[in-house]
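Residue numbers (my numbering): 10 to 366.
Glycine is no exception: its CB is placed at the ideal position from the N, C-alpha and C atoms.
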Amino acid sequence: MSKNLSFKEVAVRYLKRPTKKLGRAKNPNAYSTLQWMYERRPSMILIEGRKKPVPYGVKNSQHRYKVVSWDETSGRFADVAMRDISNIDVEDMETDLRNAKGLSNSGINTYLVYLRAVCNYAQQKLDVSFVKFPKIETLPTKGREYYLTPDVAKGWMRFLDPLRADMVKFGLATGQRKANIVGLKWSWLSKDLTRMVIPADDAKNGHSHTIQLNKMAVEVLEKRRQDRKQLLEEYPRLGNIEYVFVQDDRQRLGQPMTGTSMTGEMWKRSIRMYNHNLMYRAEKDNRSVDRAKLIPEGALVFHTLRHSFATWLNEAGTDLDDIAMVGGWKSLDACRRYVKKSEDRAREVGSRIEGLF
């Protein structure tokens, strides 16, 4: 029976399954991306009471509207049997996303990742026998060149709420990925909080990883443990708090933050406030703004913390082998991509041969 499932049937099943790490509902991006694959979607709509058409999207579609034009690239797998999804389908989708929708490699990768997830789910969980299992590989993207300096990190963190500030500090102290910080459980930590073990199921490379935590990381954990104690005393009905970084508002009491909300509007607002404060102080002191300390729009994402961690260690004289070991990189090449050389560092290295002639 399973081999006759359509792509839409499999995708709908996949979307109903909770996420593996936090057991939550799939995020809106997953729904939007996969629904584009199995449903014909409008391209432009005219919202009731307005004069100009607007692009169809999650927010705009919540109003009453008329369809002005259709997205001819959508609904491509609406009537396709799951077992028939092939390499040529993947290639055609890539081409349409690039040429018709104008997406970059990074944008196309979002679609490829979800398509691959549905194909894997169909094969592994629903016993779908593909005619030939499609080879779906993400496209190369430009590496993020931005990293924080310690001064910028300290200045920016002042504008974060306490929970995000703790998570950022822990990220800079350990270099761990967002998923492993958002999903960090007390059971992963030693009693004295000096050691952290990421289980194989939660590690990106599929291997468990042990991290010896430095003083900065331990300080964050001690603070979170005290916060946890106070939360349980105030709200005994919680019974137990499994995760380290949890929210304290009434709606999400004791629950971890989702990855998307972690770097959502509050994150972006803190960056705007930091930049505004930097410019305000410069104007007040009648001096020019130190533009090297401004955070470029869109440059600071959570993964920037991992780049910064590797770069700081490298600038402190740590060799790549040791950086790879503490950061959990499987190869030196992978680690090397995260290390950014500052201009001062490059100048210092280049000056080492001065005076030889």
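If you ignore the 5 residues before and after Pro62, its C-beta comes within less than 7 Å of the C-beta of Met53, Ile54, Leu55, Val77, all in its own chain and listed in chain order. Per DSSP, the continuous alpha helix (DSSP H) segment holding Tyr47 begins and ends at 37 to 47. Note on geometry: alpha-carbon atoms of Thr269 and Arg261 lie some 15 Å from one another. Judged by DSSP secondary structure, Ile250 falls outside any alpha helix (DSSP H); it is assigned neither H nor E. The straight-line gap separating the alpha-carbon atoms of Thr313 and Arg33 is approximately 25 Å.
In this structure, Ile117 lies near Leu148, with their beta-carbon atoms less than 7 Å apart. Residue state for Pro159 is assigned as helix, using DSSP reduced to three classes. In this structure, Val89 is the residue among Val89, Leu247, His72 with its C-alpha nearest to the C-alpha of Val140.
Contact annotation: the segment 295 to 308 does not touch the segment 224 to 242, with fewer than three C-beta pairs closer than 8 Å. Within the model, the alpha-carbon separation for Thr267 versus Ala343 is close to 26 Å. Pairing Tyr123 with Met46, the inter-Cα distance amounts to about 10 Å. Glu48 and Thr82 have their C-alpha atoms roughly 10 Å apart.
Between Ser317 and Leu169, the C-beta spacing is not below 7 Å. Assigned with DSSP and collapsed to three states, Trp165 falls in helix. Inter-segment contact for the segment 207 to 220 and the segment 171 to 189 is present: three or more beta-carbon pairs are separated by less than 8 Å.
According to DSSP, residue pairing for Thr219 in a beta bridge involves Val206.
For Leu181, no beta strand (DSSP E) run applies; the uninterrupted alpha helix (DSSP H) run containing it begins and ends at 171 to 183, by DSSP.
About 31 Å separates the CB atoms of Lys163 and Glu251; that is not less than 8 Å, and the two are not in contact.
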